[in-house]
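Residues in the sequence shown are numbered consecutively from 232, following my numbering. Ideal placement from N, C-alpha and C gives every residue a C-beta, glycine not left out. See below for the structure under consideration.
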Amino acid sequence: MALGVNINELVNGKVIEWERLEFKKGWNPEDIMHTLCAFANDINNWGGGYILVGIAEQDGRPVFPPEGINPNKIDYFQGEITRLGHLISPNYLPIVQPYIIEDKHVLVIYAPAGDMRPYSAPESLGQKRGQNRQYYIRSGSRSIIAKNDNLRKLQELAARVPFDDRINQEADLNDLSLGLIRDFLQEVRSDLFEDSTTMPFVDLCRQMNIVKGPKEGVRPLNVGLLFFSHEPHRFFQRSWIEVVIRKDEAGKDFKEKYFKGPLHQQLRESLSFISSNIISERVVKVEGRAEAERYFNFPYGAIEEALANAVYHKSYEVGKPIEVQIWPDKIEILSFPGPIPPITAKILAENRRIVARDYRNRRVGDFLKELHLTEGRGTGIPTIYREMKENNSPAPIIETDANCTYFLTILPVNRKSNQESNQESNQESNQENVKRSLNEKNLNLLRYCLEPRSKAEMLKRLGLSNQTANFRRHIQPLLEQGLIERTIPEEPKNRNQKYITTLTGRETI
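Here is the structure:
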């Protein structure tokens with residue numbers, strides 16, 4: 232039975248941070264037990280981690296090709312992991328799965344964050360059970376004994392399970408969609424996708440760690456409902472994204488659209504909507520340079536990162552949607568509540584790289600990373616700044632209030648783009664004035680000249696003789712207004728001269 236991740240991306244640290252991966256060249260039961268205990272305690276709410284037995288490490292990174300383990304001992308190792316889990320208090324059972332990587336057998340141990348923190352383990356396997364127990368936590372890529380402030384923090388986390396990792400007592404197994412789960416597994420290229428057609432649904436959900444409870448009372452976790460139910464808002468009030476387009480600075484002329492459904496679907500659909508309806512590219516030719524300048528009114532990468540961060544970090548206990556307000560001169564992305572302490576309004580204002588010590592939605596983040604909808608810890612804000620800078624846009628504004636009740640990201644419009652939009656708006660207004668000044672004969676002539684026509688053909692179309700006075704009265708004004716143009720502009724009197732409707736003329740008709 233496979234795990235619900237792409238094993239190749241996992242071992243290369245592409246979807247799970249290196250701090251949550253521990254590589255073991257061989258079987259070392261005492262170290263493995265301490266690491267299991269540390270991942271179960273999950274002091275930073277990262278969501279646990281993975282131990283990969285059979286792969287050596289150097290400076291916290293895997294060494295390839297893998298060393299591998301003896302396939303004849305895999306069953307023994309799996310039994311030993313169960314025994315080690317019973318030595319941890321409270322008892323703790325990880326999920327174990329053998330894999331073959333580069334023709335070598337390895338054992339992948341998925342150690343999700345536990346529900347009954349704090350967990351302790353014997354300092355040594357040589358001691359009697361219950362003697363000299365320690366609380367282990369992760370510090371970077373190492374498992375260490377929790378002491379002083381870390382021990383106090385761990386004890387404060389007792390029975391505090393992040394909301395997205397809690398059992399939802401209002402839902403049952405039927406509220407999860409097999410189709411959505413299979414779509415996810417297929418997209419992330421998990422080996423579990425093939426097994427999902429034959430294994431019992433409850434076993435599939437347990438393997439993905441989106442349900443918990445005894446056999447007779449299995450219930451979904453909140454994260455399972457957020458990603459794998461068709462209507463998460465049935466369980467989490469107003470858990471959707473609202474996009475409001477304000478057409479003027481007063482905000483009175485607007486249209487709004489709500490994006491509901493599984494979190495990853497609402498995120499993708501709202502980004503697609505913004506990309507199609509809001510983002511526009513400008514291409515400006517620079518004299519003396521072969522390459523033109525290209526920039527957007529709003530860079531997509533900054534919007535994507537800011538909105539993904541809002542989905543990742545908002546509280547789904549709070550009945551408030553994510554709000555995206557799109558103004559002519561800026562985009563505002565608002566979510567509730569604000570960042571988790573010790574991050575403050577001052578830290579947000581003064582720092583472009585912020586690494587949180589604690590996370591509100593440890594499981595939501597994992598699923599978004601698997602889908603490549605967000606990056607690793609501490610990369611969101613730097614990415615927003617970088618994308619805005621590369622687009623020659625003003626720096627973003629990222630703020631919260633003194634009590635961290637909200638999180639607001641403001642992306643100002645590219646100033647050149649805004650100026651050109653105003654110019655285009657004026658041009659459109661001028662075009663409307665031009666259109667109002669045209670009669671039906673003029674419009675008929677513009678339609679006729681969608682293909683090149685000679686002066687004689689144009690005047691004949693109007694029922695007029697081919698005379699200079701008729702040309703000056705009916706064709707010359709269209710030339711001066713830029714509604715038609717000569718096909719041989721460098722030789723106005725060329726006998727093969729013809730006239731064709733310009734882009735401006737096409738827009739006018």
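- Checking the DSSP bridge columns, you'll see Q365 partnered with A352.
- Cβ-Cβ separation between I615 and A533: approximately 5 Å, consistent with a contact (criterion under 8 Å).
- DSSP places A580 in the uninterrupted alpha helix (DSSP H) bounded by A576 to E581.
- Measuring C-alpha to C-alpha distances from P343 to each of P329, Y330, G316 and N508 identifies G316 as the nearest.
- Measuring C-alpha to C-alpha distances from G280 to each of R593, I628, G448 and G736 identifies R593 as the nearest.
- Distance between Y366 and N322, taken at the CA atoms: about 14 Å.
- The alpha-carbon of L639 is positioned some 29 Å away from that of R251.
- Cβ contact annotation for S648 (same chain, cutoff 6 Å, sequence separation greater than five): R513 and N528, in chain order.
- Annotation: the continuous beta strand (DSSP E) that includes I641 extends over F638 to P643.
- Two segments are said to touch when three or more pairs of C-beta atoms, one from each, lie closer than 8 Å; by this definition the segment 561 to 570 does not touch the segment 687 to 707.
- Distance from L677 to L714 at the Cβ level is roughly 6 Å; contact confirmed, criterion being Cβ atoms closer than 8 Å.
- Across the structure, N508 and E535 are spaced so that their CA atoms are roughly 15 Å apart.
- In this chain, R420 is not harboured by any alpha helix (DSSP H), its DSSP state being neither H nor E.
- Cβ neighbours of P302 within its own chain (closer than 7 Å, five residues either side excluded): H336.
- Where V433 is concerned, the enclosing alpha helix (DSSP H) starts and stops at F432 to Q438.
- Taking C-beta separations shorter than 8 Å and ignoring five residues to either side along the sequence, the partners of E722 in its chain run Q728, following chain order.
- Between D396 and L324 the beta-carbon gap is near 16 Å, outside 8 Å, which marks them as no contact.
- By the C-beta criterion, the segment 438 to 450 is judged not to be in contact with the segment 258 to 276, since fewer than 3 inter-stretch pairs fall below 8 Å.
- As a beta-bridge residue in DSSP terms, V515 pairs with E524.
- Secondary structure at R717: strand, using DSSP grouped into helix, strand and coil.
- Boundaries for A233: no beta strand (DSSP E) harbours it, and the DSSP string shows neither H nor E there.
- Taking C-beta atoms as the reference points, H495 and L604 count as a pair closer than 8 Å.
- For T732, the enclosing beta strand (DSSP E) begins and ends at Y730 to T732.
- In the structure shown, E248 adopts coil according to DSSP, grouped into three states.
- A distance below 8 Å separates the beta carbons of D406 and S460.
- The beta-bridge partner set that DSSP reports for L452 consists of I398.
- When the alpha-carbon of G736 is set against those of R717, I719 and L674, the nearest one is in L674.
- Annotation: A626 to P329 spans about 48 Å, alpha carbon to alpha carbon.
- Going by C-alpha positions, I574 is about 44 Å away from P431.
- Between I472 and V555, the beta carbon gap of about 7 Å places them in contact (Cβ cut-off 8 Å).
- According to DSSP, P329 shares a beta bridge with L338.
- Of the other Cβ atoms in all chains shown, fewer than 16 fall within 10 Å of the Cβ of D484; this residue is therefore exposed.
- Pairing A541 with I340, the inter-Cα distance amounts to about 31 Å.
- Looking at I706, V644 and N697, the one whose alpha-carbon comes closest to that of Y679 is I706.
- The shortest CA-to-CA distance from P297 to any of D422, V644 and V284 is the one to V284.
- Counting only residues of its own chain and dropping the five nearest sequence neighbours on each side, P708 has no CB closer than 7 Å to any other CB.
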